[in-house]
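For reference, the structure discussed in these notes is given below.
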Amino acid sequence: MKVFKDRLGLVDLICSHRESLIHLKSVPISTWHPATGRNNDGMLIRLLFLFTVIPFVELVILLQVHHAISSVWGNGIGLLVTLGGIVVTGILGATLARQQGLGVIRQVRGQMGRGEVPGQALADGILVLFGAALLLTPGFLSDFFGFSLLIPASRSFYRTRMMRWFKGHVQIHRSGSGSGSGSGSGSGAQPDVFVVDPVESKQNDERLT
């Protein structure tokens with residue numbers, strides 16, 4: 001239960017500060033372009049792969065592991081070792097997720113206390129939560145990817161790719177004297193592009209007034 005409370009605390013921390021980090025401005029209807037059919041087909045293929053192929057692969061791996069152990073030690077021990085491996089990896093993953101989650105929370109609070117936007121820390125928090133969710137899913141394949149998201153050395157690889165995807169799909173306009181011209185030039189926004197304006201601090205608001 002303590003592990004789940006720590007994860008919920010990380011989620012609450014991210015959600016409670018989302019308004020102080022960024023302000024999402026909806027794109028006008030005249031400049032909004034719906035997703036093309038190709039994008040919809042690509043998303044459908046990804047979902048089909050996620051919910052059908054991956055569980056099938058997980059089942060095949062479990063059966064192969066059980067068969068390999070049973071051929072040496074017997075059917076009963078093979079079943080016990082297979083199920084025990086799933087339980088042990090889940091416990092180890094929950095412990096590691098708790099440790100990494102608390103570290104991310106401390107990092108986010110420290111950066112926000114210094115007035116910094118904890119972009120990298122928030123990305124780590126998202127990856128840690130996703131890794132913890134994978135470890136709750138029975139299967140050795142999901143456990144492998146879950147551990148890779150929790151270990152800092154391998155998590156940096158996923159974080160780099162996620163930040164690169166974010167920069168390629170999100171267009172950022174800084175508010176200020178040139179924001180009007182920036183918004184005008186962005187009238188021809190590409191499909192699936194969101195306009196994100198950072199929220200000005202109270203100190204900057206007082207200067208403007």
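So in UniProt numbering, spot 133 of the sequence shown is number 133, and the numbers just go up one at a time.
Glycine included, each C-beta is placed from N, C-alpha and C at the ideal position.
None of these values were measured; they are calculated from a predicted model.
Query raised in the report: With 16 other CB atoms within 10 Å as the buried threshold, where does A132 fall?
Result: buried
Report task. Consult DSSP for V117 and reduce its assignment to one of helix, strand or coil. Result -> coil
Query raised in the report: Which whole-angstrom value describes the C-beta separation of Q107 and V128, a residue pair presumed to lie in contact below a C-beta threshold of 8 Å?
Result: Going by Cβ atoms, the distance from Q107 to V128 rounds to 11 Å, so no, they are not a contact pair.
Requested in this report: Excluding the 5 residues preceding and the 5 following F130 in the sequence, name in chain order all residues of the same chain whose CB lies nearer than 7 Å to its CB.
Outcome: L149
Query raised in the report: When burial is assigned at 16 or more other CB atoms within 10 Å of the CB, is S142 buried or exposed?
Result: buried
Query raised in the report: On the premise that A123 lies in contact with M163, defined as a C-beta separation below 8 Å, what is that separation, rounded to the nearest angstrom?
Result: 6 Å
Requested in this report: Using the Cα positions of V57 and G119, report the straight-line distance between them to the nearest angstrom.
Outcome: 34 Å
Query raised in the report: Expressed to the nearest angstrom, what Euclidean distance is found between the alpha-carbon atoms of P55 and G113?
Result: 43 Å
Report task. Figure out for me which residue from F147, L79, V81 and L48 has the closest Cα to the Cα of A94. Result -> F147
Query - Euclidean distance between Cα positions of I69 and V87 - result: 17 Å
Query raised in the report: Is DSSP giving I126 helix, strand or coil here?
Result: helix
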